[in-house]
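K.L.:
In this note's numbering, the protein residues as written are 49 to 691.
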């Protein structure tokens, strides 16, 4: 049996039962509700979806002709069949005009089931038609929304080139109103000098095409560049074409600017006085400027496409070249201050190299600038004749300014402290006699907030500490003054090595306590004097101790300074050993070169060891280094004893 949800508008319950019996006999399983008034009808219609409404023609509170109107006003699509005992065709016509699907007399209920089946079929057809119409309307609205909201200009034309439709973006793109465009044809947007190309485009209207970079005209006469896609389609028996135009004017301007930028770069590249090369990810030369060709003596053809080993790729790029080959990009670049290489004819030159990783053609490349430093290095070599003046400048930089600035300021208050502490010590001795007598007679008493029995032990120690500290300050200041005082230029004076070592350690006491908790000083006895300048020897020792302190990884690592005498070779030895980070063989080979430093990030100048080496050589001695990475460094100074 077919289920049927039926709403029955009938004031007589027996008549409603007859209808239900007829429905069951006709193969339906009805779920029903009976209403007698207009209010009940409206309430029932709101409650659930009904498949069918059966209504009497005449009821005390409502006419059957009102039922279809009520259903229509509520926006419902429910079939209505009028079942009534009233006879006459005029009643049937009135029911049909009111919107009922059929009119059946209660005396002819055999027509009810076929009428219901017919109405249900027609209702289903009407519903499917409404859904199809709604879907079509929704599809049209969706397409219209897409058409109107597209960021690209869309134009619909017929095969004569007349505009039939255009979206908002198309109007805005060319500066015309919709009415202005639809009242014209495609010649509206074409420059007069390009009108001959319209005939060429007509073949694309039927086959479709993509036309990049088409020059067109705005309403104000300015040019606009578009990418144009043409798609043919049909509506009924009409052949139409859709043109989609994308504004690429800014892109064209950017490309033009890029070409100008490339030309400027090429001019700078070609006219630079420094040699410039562009290397690929495999370190082969992509391009070279005239300065590079002149510097190395190769022709442009000889350089292009070849490995850059002729400029020392394997040496000065080294790991950098490996990283480039492995595809590691995005780095800030690298530099080599001095690199020895050769020209094509074998001439040695010294260069300074700057490398920057750049991205060209979606690949990482290296932009190199090579500057010839040969002449500059020659001039630098000539300037080394004034190195003696740098010795004094270095000494004054390290400690001279400090000594001259603080010696006078410290000595005056320190002398005051030393004098008063001595006077207070004598005064305390005299006061102790009186205080002791008072203590024996009257017992303990308070002195400075503490019992006298404790203070009589503490005060002498305090006074002694003040005096000793003041004397120590005086000794440090005297050492600084002696070190900074300009000495004799020669090295023919008598020099006490132990005194120089202890003075250097005293001067650096603050630095030592800052860097390490393990500093050891051991001066051998009976070391003979030597001929030399004691201040310069102090300077060497200060430089070596400072380097040792700076090499320590932490405060637990130690520094050892010692002196000794080799009686067989008659050499005085000064050793500075540290538990620092050590040095590689490559660093040791250059450690005494002027301006070579491993401490550029902390302000190192690379002059300390170079000057120290010069001073030791000036004293007919030697400066030896023993170091390994991670195992610390030992520096040995060997100086001849006085004969």
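Quick reminder that beta carbons are idealized off the backbone N, C-alpha and C, glycines included.
Alpha carbons only, please: which of 75, 64 and 326 is nearest the one belonging to residue 51?
P.N.:
Here residue 51 refers to the residue found at position 3 of the chain shown. Cα-wise, what sits closest to residue 51 is 75.
K.L.:
Return yes when the Cβ of residue 590 is within less than 7 angstroms of the Cβ of residue 548, no when it is not.
P.N.:
Residue 548 sits at position 500 when you count from the first residue of the chain shown. Residue 590 sits at position 542 when you count from the first residue of the chain shown. In this structure, residue 590 does not lie closer than 7 angstroms to residue 548 by Cβ.
K.L.:
For residue 104, is the classification buried or exposed, using 16 other Cβ atoms within 10 angstroms of its Cβ as the cut-off for buried?
P.N.:
Translated into positions along the chain shown, residue 104 becomes position 56. It is buried - the Cβ of residue 104 has at least 16 other Cβ atoms within 10 Å.
K.L.:
So residue 222 and residue 267 are in contact, right, with Cβ under 8 angstroms, and what is the actual spacing, rounded?
P.N.:
The residue you call residue 222 lines up with position 174 of the chain shown. The residue you call residue 267 lines up with position 219 of the chain shown. Confirmed, about 6 angstroms.
K.L.:
Go to residue 265, then tell me how far its beta strand (DSSP E) extends in each direction, as first and last residue.
P.N.:
The sequence position of residue 265 within the chain shown is 217, counting from 1. Its beta strand (DSSP E) spans residues 257 to 265.
K.L.:
Whole angstroms are fine: how far does the CA of residue 470 sit from the CA of residue 428?
P.N.:
Here residue 428 is taken as the residue at index 380 of the chain shown, counted from 1. Here residue 470 is taken as the residue at index 422 of the chain shown, counted from 1. Approximately 58 angstroms between the Cα atoms of the pair.
K.L.:
DSSP has residue 233 in a bridge; who is on the other side?
P.N.:
As a first step, residue 233 is located in the chain shown; it is residue number 185 there, counting from the start. Per DSSP, 210.
K.L.:
Am I right that residue 85 and residue 110 are in contact with their C-beta atoms under 8 angstroms? What's the rounded C-beta distance?
P.N.:
What you label residue 85 is simply residue 37 of the chain shown in a count that begins at 1. What you label residue 110 is simply residue 62 of the chain shown in a count that begins at 1. That pair is a contact at about 6 angstroms.
K.L.:
Alpha carbon to alpha carbon, how far is residue 521 from residue 640?
P.N.:
Here residue 521 refers to the residue found at position 473 of the chain shown. Here residue 640 refers to the residue found at position 592 of the chain shown. About 35 angstroms.
K.L.:
Could you check how far apart the C-beta atoms of residue 1 and residue 603 are, in whole angstroms? I think they sit under 8 angstroms.
P.N.:
For the chain, the structure presents residues 49 to 691; residue 1 sits outside this window and is missing.
K.L.:
If distances are taken between C-alpha atoms only, which option among 250, 265, 226 and 252 comes closest to residue 241?
P.N.:
On the chain shown, position 193 is the one that residue 241 refers to. If we check each option's Cα against that of residue 241, 265 comes out closest.
K.L.:
Can you list, in chain order, the residues of its chain whose CB lies under 6 angstroms from that of residue 473, leaving out five sequence neighbours each side?
P.N.:
The residue given as residue 473 occupies position 425 in the chain shown. Contacts found: 511.
K.L.:
Could you please give me the residues that DSSP links to residue 713 through a beta bridge?
P.N.:
Only positions 49 to 691 of the chain appear in the structure, and residue 713 is not among them; the question remains open.
K.L.:
For the pair the region 161 to 169 and the region 254 to 263, tell me if three or more CB-CB distances fall below 8 angstroms.
P.N.:
No, the region 161 to 169 does not touch the region 254 to 263.
K.L.:
Give the secondary structure of residue 346 by DSSP, where H, G and I count as helix, E and B as strand, and everything else as coil.
P.N.:
Against the chain shown, residue 346 aligns to sequence position 298. Residue 346 falls in the coil class under three-state DSSP.
K.L.:
In terms of residues, what are the limits of the alpha helix (DSSP H) holding residue 337?
P.N.:
Position 289 of the chain shown holds residue 337. It is not in any alpha helix (DSSP H) - residue 337 carries neither H nor E in the DSSP assignment.
K.L.:
Using only the alpha-carbon positions, how far apart do residue 67 and residue 106 sit?
P.N.:
For the purposes of this step, residue 67 is identified with residue 19 of the chain shown, where counting begins at 1. For the purposes of this step, residue 106 is identified with residue 58 of the chain shown, where counting begins at 1. Whole-angstrom Cα-Cα distance: 16 angstroms.
K.L.:
According to DSSP, simplified to helix, strand and coil, what is residue 681?
P.N.:
Within the chain shown, the letter at position 633 stands for residue 681. Strand.
K.L.:
Express the C-alpha separation of residue 181 and residue 203 in angstroms, rounding to a whole number.
P.N.:
As a first step, residue 203 is located in the chain shown; it is residue number 155 there, counting from the start. As a first step, residue 181 is located in the chain shown; it is residue number 133 there, counting from the start. Approximately 27 angstroms, taken between the alpha carbons.
K.L.:
What do you get for residue 494, buried or exposed, if any count of 16 or more other CB atoms within 10 angstroms of its CB means buried?
P.N.:
In the chain shown, residue 494 corresponds to position 446, counting from 1. Exposed, by the Cβ-count rule.
K.L.:
Could you say which of 569, 244 and 342 lies nearest to residue 556 if we only look at CA atoms?
P.N.:
Here the question's residue 556 lines up with position 508 in the chain shown. Closest by alpha carbon: 569.
K.L.:
Measure the C-alpha to C-alpha separation of residue 666 and residue 658 and round it to an integer number of angstroms.
P.N.:
Sequence index remark: in the chain shown, residue 666 carries index 618 (1-based). Sequence index remark: in the chain shown, residue 658 carries index 610 (1-based). Cα to Cα, the separation comes out at about 12 angstroms.
K.L.:
Which parts of the region 244 to 310 are runs of the alpha helix (DSSP H), unbroken and 4 residues or longer, counting only runs that do not cross its ends?
P.N.:
Listed in chain order, they are 245 to 255.
K.L.:
Are the region 623 to 640 and the region 595 to 615 in contact at 8 angstroms, needing three or more beta carbon pairs?
P.N.:
Enough Cβ pairs lie closer than 8 angstroms, so yes.
K.L.:
Rounded to whole angstroms, what's the CA-CA distance from residue 692 to residue 113? Just pull it up for me.
P.N.:
This structure gives no information on residue 692, because the portion of the chain shown stretches from 49 to 691.
K.L.:
Can you give the beta carbon distance from residue 154 to residue 62, rounded, assuming they're within the 8 angstroms contact cut?
P.N.:
The count along the chain shown starts at 1 and reaches residue 154 at position 106. The count along the chain shown starts at 1 and reaches residue 62 at position 14. 11 angstroms between Cβ atoms; not a contact.
K.L.:
Here's a check: name, in chain order, each residue in its chain whose Cβ is nearer than 6 angstroms to the Cβ of residue 210, leaving out the five neighbours to either side.
P.N.:
Here residue 210 refers to the residue found at position 162 when the chain shown is read from its first residue. Hits under 6 angstroms: 233.
K.L.:
Is the beta carbon of residue 689 less than 7 angstroms from the beta carbon of residue 629?
P.N.:
Against the chain shown, residue 689 aligns to sequence position 641. Against the chain shown, residue 629 aligns to sequence position 581. No, they are not a contact pair.
K.L.:
Classify residue 225 as helix, strand or coil using the three-state DSSP reduction.
P.N.:
Sequence index remark: in the chain shown, residue 225 carries index 177 (1-based). Here residue 225 sits in coil by DSSP.
K.L.:
Please state whether DSSP places residue 686 in a helix, a strand or coil.
P.N.:
Counting from one through the chain shown, the residue named residue 686 turns up at place 638. In the structure shown, residue 686 sits in a strand (DSSP, three-state: E or B).
K.L.:
By how many angstroms is the C-alpha of residue 587 removed from the C-alpha of residue 660?
P.N.:
Here the question's residue 660 lines up with position 612 in the chain shown. Here the question's residue 587 lines up with position 539 in the chain shown. One C-alpha to the other measures close to 8 angstroms.
K.L.:
Could you check what DSSP says for residue 616 in three-state terms: helix, strand or coil?
P.N.:
Taking the chain shown and counting its residues from 1, one reaches residue 616 at position 568. DSSP places residue 616 in coil when its eight states are reduced to three.
K.L.:
Run through the DSSP bridge pairs and tell me what residue 568 is partnered with.
P.N.:
Sequence index remark: in the chain shown, residue 568 carries index 520 (1-based). Bridge partners of residue 568: 608.
K.L.:
Return helix, strand or coil for residue 201, following the three-state DSSP convention.
P.N.:
Here the question's residue 201 lines up with position 153 in the chain shown. In this structure, residue 201 counts as strand in the three-state DSSP scheme.
K.L.:
List the endpoints of the continuous alpha helix (DSSP H) containing residue 404.
P.N.:
Translated into positions along the chain shown, residue 404 becomes position 356. Counting along the chain, residue 404 falls outside any alpha helix (DSSP H), though it belongs to the beta strand (DSSP E) covering 396 to 408.
K.L.:
Enumerate in chain order the residues of its own chain whose CB-to-CB distance from residue 672 is below 6 angstroms, with the five nearest sequence positions on each side excluded.
P.N.:
The residue given as residue 672 occupies position 624 in the chain shown. Result list for residue 672: 684, in chain order.
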